[in-house]
Amino acid sequence: MLQKKTLFQPGAFAFIVGWLLLMAAPNTHATPGNANCMATFGFYAFSNGHAWVELNVKEQQVYLTDNYKRSKQDNPEDHYQVCIAPRLIIETQNGTQATELSQFLFALLDTEIHFELLFNLPDSQLWLVKPQDQAALYPAFIHLLSHKQVLSAQPDLLIKPGQTGATVLDNSKRYDMEGYSVIKALNVEQLWQHNRGQGVTVAVIDKGFHIEHRDLQGANVQLFRVGQSDNRDTNHGLKVSGIIAAQHNQIDTEGIAPEVKLLAISLEASFTSDIIKSLAIAQQHQADIINMSWYLTYMMHPIRQVLTELRRSGRDGKGTLLVAAAGNQASSKSSSKALVGFSSALIVAAVTHNRQAANPVKGSFIDISAPTMISSLFSSPKAPLRETARAGGSSSATPVVSAVAALLMSYCPGISEKQLRSILISTSTPIATKYRAFTGNGVISPPAALKVLSSPKWSQVCKLDASSDAN
């Protein structure tokens, strides 16, 4: 396996090779300030962690190819449609100063370049680099690789929505909703005898939030916006938030954990930098659980680094629980390159009301499943901030798991991410053998998980907050 330090070891070799690539690169013809889906800004290849990736243009669309596992035969399924922003993501040694790098580049390129700190890792830092003149983007990339404090660099990419990007999942088949309650189906009321999520912070990274909805009035919710809006209102974030935190006001529907603190982080586009900024907000506001009801078919290495660090060090070292959707449509693309193949995340699949597989997605990466087609919140011009709607697919199953995890974390605040994850999986209810490839270890079972935490074995961990019982 290629090691990162051999790919981008700072020095003259990287500098010379980079300039050779620059001289052979085509003109980008990009609109200033905008992402480019039709040309590469001069980029040809770069390191993404332990693998080389290549960028090519075909039929006026940029494609990324993971060259490390590329077969001799060209396979279209190994290609990912991307857009490139006129920005860089770089990793530097700890203690690197933005002013030093900016002055270094200004002396070489005679243009202003802005540095924004994105995330502090244990041994390094991630930065967003934005040249004032986009023509300086690729030269800045090459020069930065020659700087002794720069460990790696790559363009800021968006995996194209609708193809392989961070797309919302709301397309599984619909079925009769009458009389169905996920709260009753999962016996959540047993956990409500102890708490309703107080003391736990859940970050929902999504889009389409309407936190003014009448069923979120009184909820402890805070809205953040990351990136430039594309003006498409999906209501998706509202639906996910409603499953978790809709208030018990006898108006529309009831959330599973209505007393959590909800961080509604509106991720408008899935650029590497925007995803990292969203995760940084979750970290800064001490999220205990991060809900990601979206599918990312190809993960850039800096995102993996940040997620790994959140799981390791979040919650004062107990670890942040990362909960992600398994997806709704089977894909021939490698799951190992996707968010679902990332072992640090708890991957959630969807089941029907009668506990059959709801989607054709299957694989060993699925950890657990939960019901889908759940009544949640909605807003439309006809009835703004006053409606309910069905929430389907693994998008709706994922916040069910996040909300139940919040109830268990509130009951046992001393529990680690690793312990909670293990209990959720081991106490899930297996379903028919023919569906197990689609549903992981089984359907989440809140009473079974609570029973484990109520045993004497857990008394020392779970007695830390005896005041957590609901009134």
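Quick note, the sequence shown lines up with residues -30 to -1, 1 to 441 if you use mature numbering (1 follows the signal peptide of the UniProt record, and there is no 0).
The beta carbon of each residue, even a glycine, is placed where N, CA and C say it ideally should be.
Remember, it's a predicted structure, so these values are computed and weren't measured experimentally.
Secondary structure within the region 271 to 330: the beta strand (DSSP E) runs of 3 or more consecutive residues, fully enclosed, are 291 to 295 and 316 to 321 (chain order). Non-local beta-carbon contacts of residue 395 in its own chain, meaning distances under 7 angstroms to residues more than five positions away in sequence, involve 337, 338 and 411 in chain order.
Here residue 341 is near residue 152, since their CB atoms are less than 8 angstroms apart. The C-beta of residue 63 has fewer than 16 other C-beta atoms within 10 Å across all chains shown, which makes the residue exposed. Around residue 155, the same chain offers 323 and 341 as residues with beta carbons nearer than 8 angstroms, after the five sequence neighbours per side are excluded. When DSSP reads this structure, residue 195 sits in a beta bridge with 236. At least 8 angstroms separates the beta-carbon of residue 221 from that of residue 235. The beta-carbon separation of residue 185 and residue 242, rounded to 34 angstroms, does not stay under the 8 angstroms limit for a contact.
By the neighbour-count definition (other C-beta atoms within 10 Å, threshold 16), residue 286 is an exposed residue. By the 16-neighbour rule on beta-carbons within 10 angstroms, residue 100 is buried. Ranked by how close their Cα comes to the Cα of residue 127, the residues 270, 379 and 12 have 270 in first place. Secondary structure within the region 46 to 134: the alpha helix (DSSP H) runs of 4 or more consecutive residues, fully enclosed, are 68 to 79 and 107 to 115 (chain order). Cβ-Cβ separation between residue 216 and residue 225: approximately 4 angstroms, consistent with a contact (criterion under 8 angstroms). Collapsing the DSSP output to three states places residue 340 in a strand. Cβ-Cβ separation between residue 255 and residue 277: approximately 17 angstroms, too far for a contact (criterion under 8 angstroms).
Scanning 129, 330, 239 and 168 for the CA closest to the CA of residue 178 turns up 239.
Per the Cβ contact rule, the region 18 to 29 is not in contact with the region 83 to 95 (fewer than 3 Cβ pairs under 8 angstroms). When 420, 317, 253 and 149 are compared, the shortest CA-CA separation from residue 366 is found for 317. DSSP lists 236 as the bridge partner or partners of residue 176. For residue 228, the CB contacts under 6 angstroms within the same chain, skipping 5 residues up- and downstream, are 166, 215, 217 and 218 in chain order.
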